[in-house]
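Let me begin by presenting the structure, written as structure tokens, before commenting on it.
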Amino acid sequence: MLESVKYLIGSVGASGYSSKSTADEVTEMSDLRSVTAIITGATSGIGAETARVLARRGARLVLPARSLKAAEDAKARIASEYPDSEIVVMALDLSSLASVRRFVVEFEALDLPLNLLINNAGKFAHQHAISEDGIEMTFATNYLGHFLLTKLLLKKMIETAKATGIQGRIVNVSSTVHGWFSGDMLRYLGVIGRTKR
Numbered sequence: 001m002l003e004s005v006k007y008l009i010g011s012v013g014a015s016g017y018s019s020k021s022t023a024d025e026v027t028e029m030s031d032l033r034s035v036t037a038i039i040t041g042a043t044s045g046i047g048a049e050t051a052r053v054l055a056r057r058g059a060r061l062v063l064p065a066r067s068l069k070a071a072e073d074a075k076a077r078i079a080s081e082y083p084d085s086e087i088v089v090m091a092l093d094l095s096s097l098a099s100v101r102r103f104v105v106e107f108e109a110l111d112l113p114l115n116l117l118i119n120n121a122g123k124f125a126h127q128h129a130i131s132e133d134g135i136e137m138t139f140a141t142n143y144l145g146h147f148l149l150t151k152l153l154l155k156k157m158i159e160t161a162k163a164t165g166i167q168g169r170i171v172n173v174s175s176t177v178h179g180w181f182s183g184d185m186l187r188y189l190g191v192i193g194r195t196k197r
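Right, here's the structure in full:
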């Protein structure tokens with residue numbers, strides 16, 4: 001926990017960057033014109049900023065989302081800043097294993113390479129909910145959906161690496177906030193979540 005706190009207050013880590021470093025600073029020397037990236041959760045927050053910066057550096061983006069309108073809006077925002085960017089919007093509901101499988105089939109049909117998979121989408125269900133697969137919604141979306149997505153895309157990433165000589169990367173975005181709570185605090189998370197609406 002001490003390392004997390006030090007990072008959050010801006011201490012520079014082994015990478016040479018801190019929590020105050022921007023995505024633009026971290027990618028400053030990167031030329032990503034030969035990279036195709038899938039970014040889940042790119043319609044807002046960290047995912048949206050990641051998509052914006054990767055487009056700035058020339059990467060082809062695939063933006064899967066539950067809401068195609070939100071993904072099209074994200075695409076329009078990026079294209080307004082970087083008009084030459086190549087962005088593909090696709091449907092994906094990570095809480096549905098069938099949707100994950102469908103997305104992978106549709107992505108593979110595009111015959112695009114895949115160099116970078118950023119598993120960023122996350123959800124905190126304010127109310128207890130069950131996915132269509134009978135799994136608690138937060139667990140289905142944040143963990144199982146991304147696990148299956150990664151598993152099904154590994155073959156494509158390996159093929160791309162062999163064909164291009166560019167090693168693929170899988171980035172799983174997470175949080176250390178869970179470590180800040182004791183078991184007694186869990187009962188208050190629902191109250192905290194409801195007050196943030």
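Each residue of the sequence shown is one higher than the one before, counting from 1 in the working numbering. By construction, the Cβ of each residue, glycine as well, lies at the ideal position given by its N, Cα and C atoms. The model shown is predicted, which means the values in this text are computed figures rather than measured ones.
What residues match up with residue i in a beta bridge as DSSP calls it?
i	result
R169	L116
V89	L63
T36	R60
I130	E136
Tell me which residues share the same chain as residue i and place their Cβ nearer than 6 Å to its Cβ, disregarding the 5 neighbours each side in the sequence.
i	result
I166	N115
L38	Here residue 38 is Ile; the residue named in the question, Leu, does not match the sequence. Only V62, L117 meet the Cβ criterion.
K20	G10
V100	G145, L148, L149
Report all residues from its chain with a CB closer than 8 Å to the CB of residue i; omit the five preceding and five following residues, and keep chain order.
i	result
A70	T43, S44
S30	R57
T160	T36, P113, L114, N115, I166, G168
G47	I39, T40, G41, I118, N120, A121, V173
Where does residue i land, buried or exposed, given buried means 16+ other C-beta within 10 angstroms?
i	result
G10	exposed
N172	exposed
I192	Low local confidence applies: a pLDDT of 48 at I192 is under 50, so the model's placement there is unreliable, and no value is given.
T195	At T195 the pLDDT is 47, less than 50, meaning the model places this residue with poor confidence and gives no usable figure here.
V105	exposed
G134	exposed
S85	buried
H128	exposed
G16	exposed
A76	exposed
Rounded to the nearest angstrom, how far is the Cβ of residue i from that of residue j, given a contact under 8 Å?
i	j	result
L112	T40	That pair is no contact at about 16 Å.
For the candidate residues the options, whose alpha-carbon lies nearest to that of residue i?
i	options	result
K156	I130, E108, T164	E108
Leaving aside the five residues before and after residue i along the sequence, list all residues of the same chain whose C-beta is less than 7 Å from its C-beta, in chain order.
i	result
D24	V53
T150	L117, N119, I170
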